[in-house]
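To keep things clear, I will list the structure first and then write my remarks on it.
Number of protein chains: 2
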Amino acid sequence: MDCMNTAPASSAAAGEPRWLTDEEQRVWRAYVDATTLLEDHLDRQLQRDAGMPHVYYGLLVTLAEAPRRRLRMTELAKDAKITRSRLSHAVARLEKNGWVRREDCPSDKRGQFAVLTDEGMDVLRRHAPGHVNAVRQAVFDRLTPEQQKSLGEIMGIVAEGLQPSEAGADLPWLR
Amino acid sequence: MDCMNTAPASSAAAGEPRWLTDEEQRVWRAYVDATTLLEDHLDRQLQRDAGMPHVYYGLLVTLAEAPRRRLRMTELAKDAKITRSRLSHAVARLEKNGWVRREDCPSDKRGQFAVLTDEGMDVLRRHAPGHVNAVRQAVFDRLTPEQQKSLGEIMGIVAEGLQPSEAGADLPWLR
DNA sequence: GTCATCTGCTTGAACTCTCAACTTCCACGA
DNA sequence: TCGTGGAAGTTGAGAGTTCAAGCAGATGAC
């Protein structure tokens, strides 16, 4: 049985679901395979060379790009597309490494800044080339310019659809 | 500083790395965001409705598609693009749920089959519609046919490049 | 002011994943 | 018939993630 494709013998109560066609299924399989392999590949590369998983590296990059190399926890979580809980644990770990430090927010006593330390910046500088290289080899070097453009558009659309409403985030009454 | 883009002040020893252009960077960011959000979304949906993460669901699907609903552990790991270790743990868990059972391989005493049970099949039948629906909503309903085709091609290329040499797997002397 | 509610962030427990052994068995050559 | 090396699979410990609960400070109604 093909559980993405074939309709079950007896149709479900909630109306016949729209199964994936064979072609859609091939696309989906390719997507799942590629993302699994790639995330695994990058995690392994960064873990080996820089001693942290890909997500953590992304956090450091985001901080490096932020003004004064600091971001409120919630902001950082939003940028990195992870939960605040996950971020809390992650920052705790990065703090142990000395790559990030927490600072209290003066204007809101509940608030915390995650701040990239100089040491964290160094780690980034040291390992950025290796990471970029891995990304290049796995993705950009294999795609034509048109495919790269396409990929960007497609992923933009998918991300857009899953964002907790980026646009209109300050217009909650419209949701 | 922009650690995927900007060259550091002092060039690295191993030759100047080829940094990502602004455009490449936008594409990569979109990719990471979309895949993070989507995997998270699917994990959450399946965890809530079916009580298992997306990867585990994928294992059940793969087994369901296999002849006699069974696959050698190594085969299953290869199909699902995960390590044998990870699979071992996963199957242990699925076995506890009664969705998969292990069987000895008669021709190779080291070998194990993972077999999808009837109960496992039922779980799949019950929750396939919800999952397909989630995938549709997040991906296919948002893309034009051309974009879907593109996505399939691109992901195929990326996956191909990261496979432990699918083609030539039986020609190890060429590696 | 004060109470209820909301927001920002953290915590601990349960679960999952990784990595490096380790066990068992197969294959093959001397 | 031994080894010896490789393959199949598992294991345990440590790291990472999730989920629900929790605390403390902000906010708004009255």
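These protein sequence lines are chains H and B, in that order.
Going by this note's numbering, the letters in the first sequence line up with residues 28 to 202, in that order.
Going by this note's numbering, the letters in the second sequence line up with residues 28 to 202, in that order.
Just so you know, even glycine gets a beta-carbon here, dropped at the ideal spot from N, CA and C.
- For Ala141 (chain H), the enclosing beta strand (DSSP E) stretches over residues Gln139 to Leu143.
- According to the DSSP assignment, Glu43 (chain B) belongs to no alpha helix (DSSP H), since it is labelled neither H nor E.
- For Met182 (chain B), the neighbours in chain H by C-beta distance under 8 angstroms run, in chain order, Val54, Ala57, Tyr58, Asp60, Ala61 and Thr62.
- Taking a cut-off of 8 angstroms on C-beta distances, the region 164-175 of chain B does not touch the region 77-89 of chain B, as fewer than three cross pairs fall below it.
- Residue pairing by DSSP leaves Glu173 (chain H) without any beta bridge partner.
- The shortest C-alpha to C-alpha distance from Thr101 (chain H) to any of H:Ala93, H:Glu43, H:Arg111 and H:Pro94 is the one to H:Arg111.
- For Arg128 (chain H), the enclosing beta strand (DSSP E) covers residues Val127 to Asp131.
- Setting aside the 5 residues that flank it on each side, Thr144 (chain H) is surrounded in the same chain by Gly125, Trp126, Val127 and Arg128, each with a C-beta closer than 8 angstroms to its C-beta; the list follows chain order.
- Residue contact check for Ala186 (chain B) against chain H: a CB pair falls below 7 angstroms.
- Think of a sphere of 7 angstroms around the beta carbon of Pro44 (chain H): the chain B residues whose beta carbon falls inside it are Pro156, Val159 and Asn160, in chain order.
- The beta-carbon of Arg169 (chain B) is placed less than 7 angstroms from the nearest beta-carbon of chain H.
- The residues Val82 and Ala117, in chain order, have a CB closer than 8 angstroms to that of Ile109 (chain B) in the same chain once the five nearest residues on each side in sequence are set aside.
- Arg56 (chain B): member of the alpha helix (DSSP H) spanning Asp49 to Ala77, first to last residue.
- The C-alpha of Gly188 (chain B) lies about 11 angstroms from the C-alpha of Ile181 (chain B).
- The Cβ of Val166 (chain H) sits closer than 7 angstroms to at least one Cβ of chain B.
- Contacts with chain H at 7 angstroms (Cβ-Cβ) do not include Gly125 (chain B).
- Sixteen is the threshold: when 16 or more other Cβ atoms of the shown chains lie within 10 Å of the Cβ of Ser177 (chain H), as they do, the residue is buried.
- In the DSSP assignment, Arg120 (chain H) is bridged to no other residue.
- Under the Cβ distance rule, Gly179 (chain H) counts among the residues neighbouring chain B, one pair being separated by less than 7 angstroms.
- Contact between Val185 (chain H) and Leu65 (chain B) holds, since their C-beta atoms are separated by about 6 angstroms, short of 8 angstroms.
- Against chain H, the CB of Glu130 (chain B) has no partner CB under 7 angstroms away; the residue lies outside that interface.
- The bridge partners DSSP lists for Arg99 (chain H) are H:Phe140.
- Rounded to whole angstroms, the separation of the alpha carbons of Gly42 (chain B) and Arg99 (chain H) is 36 angstroms.
- Here Val54 (chain H) really is in contact with Gly179 (chain B); their C-beta atoms are around 4 angstroms apart, less than 8 angstroms.
- The beta carbon of Gly147 (chain H) sits closer than 6 angstroms to the beta carbons of Leu87, Trp126 and Val127 from its chain, once the five residues preceding and following it are set aside; these are given in chain order.
- Counting only the Cα atoms, Asp149 (chain H) lies some 17 angstroms from Ala141 (chain H).
- Taking every protein chain shown into account, the CB of Thr48 (chain H) has fewer than 16 other CB atoms within 10 angstroms, so this residue is exposed.
- Not a single C-beta of chain H is nearer than 7 angstroms to the C-beta of Gln74 (chain B).
- The C-alpha of Glu122 (chain H) is placed about 35 angstroms away from the C-alpha of Tyr58 (chain H).
- Between the alpha carbons of Arg152 (chain H) and Lys136 (chain B) lies a distance of about 50 angstroms.
- Residues Thr89 of the same chain have their beta carbon placed closer than 6 angstroms to that of Asp106 (chain H), with the five preceding and five following residues left out of the count.
- Assignment of Lys105 (chain H) by DSSP, reduced to helix, strand and coil, places it in the helix class.
- When the Cα atoms are used, Asn160 (chain H) and Arg56 (chain B) turn out to be separated by approximately 16 angstroms.
- Assigned with DSSP and collapsed to three states, Ala93 (chain B) falls in coil, not helix or strand.
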